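First residue of the sequence shown? That's 0 in numbering that gives the first Met the number 0, and the numbers climb one at a time after it.
Just so you know, even glycine gets a beta-carbon here, dropped at the ideal spot from N, CA and C.
Note that the structure is a prediction, hence the values are computed from the model and not measured.
Have a look at the structure below before the remarks.
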Amino acid sequence: MKHPLESLMTAAGILLMAFLSCLLLPAPSLGLVLAQKLVASFHLMDLNQFYTLLFCLWFLVLGAIEYLVIRFIWRRWFSLAE
């Protein structure tokens, strides 16, 4: 049985995940020496390419974690099946 507010909560959850991810996106901050070593080891062109990849991975990891947390909360407290 579908919960009557499931579609609303899905849309709100997606917006919440996007909002939280945008707030937390600048979190990874590597030192210059470490970043240059990683650029050299992965054969990247420059630091811009490295940080673009790093932020994309960070966004995906945060999105997955937030999705799992919201899914757990939804199933734990808002599920109709008992």
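Does any CB atom of chain C fall closer than 8 Å to the CB of residue 46?
The structure shown has no chain C; it contains just one protein chain.
Can you give the Cα-Cα distance for residue 33 and residue 45, rounded to whole angstroms?
Spanning the two alpha carbons is a distance of roughly 13 Å.
Considering only residues of the region 11–47, which uninterrupted alpha helix (DSSP H) runs meet the minimum length of 4 residues and lie entirely inside it, listed in chain order?
Correct list: 31–40.
Taking 6 Å as the limit between beta carbons, can you name the residues of its chain near residue 69, skipping five residues before and five after?
Contacts found: 12.
Name the residue from 14, 3, 2 and 50 whose alpha carbon lies nearest to the alpha carbon of residue 30.
For residue 30, the nearest C-alpha among the options comes from 50.
Have a look at 71, 59 and 76 and flag the residue whose alpha-carbon is nearest the alpha-carbon of residue 19.
Closest option to residue 19, Cα to Cα, is 59.
Determine the DSSP secondary structure at residue 77, reduced to helix, strand or coil.
Residue 77 falls in the coil class under three-state DSSP.
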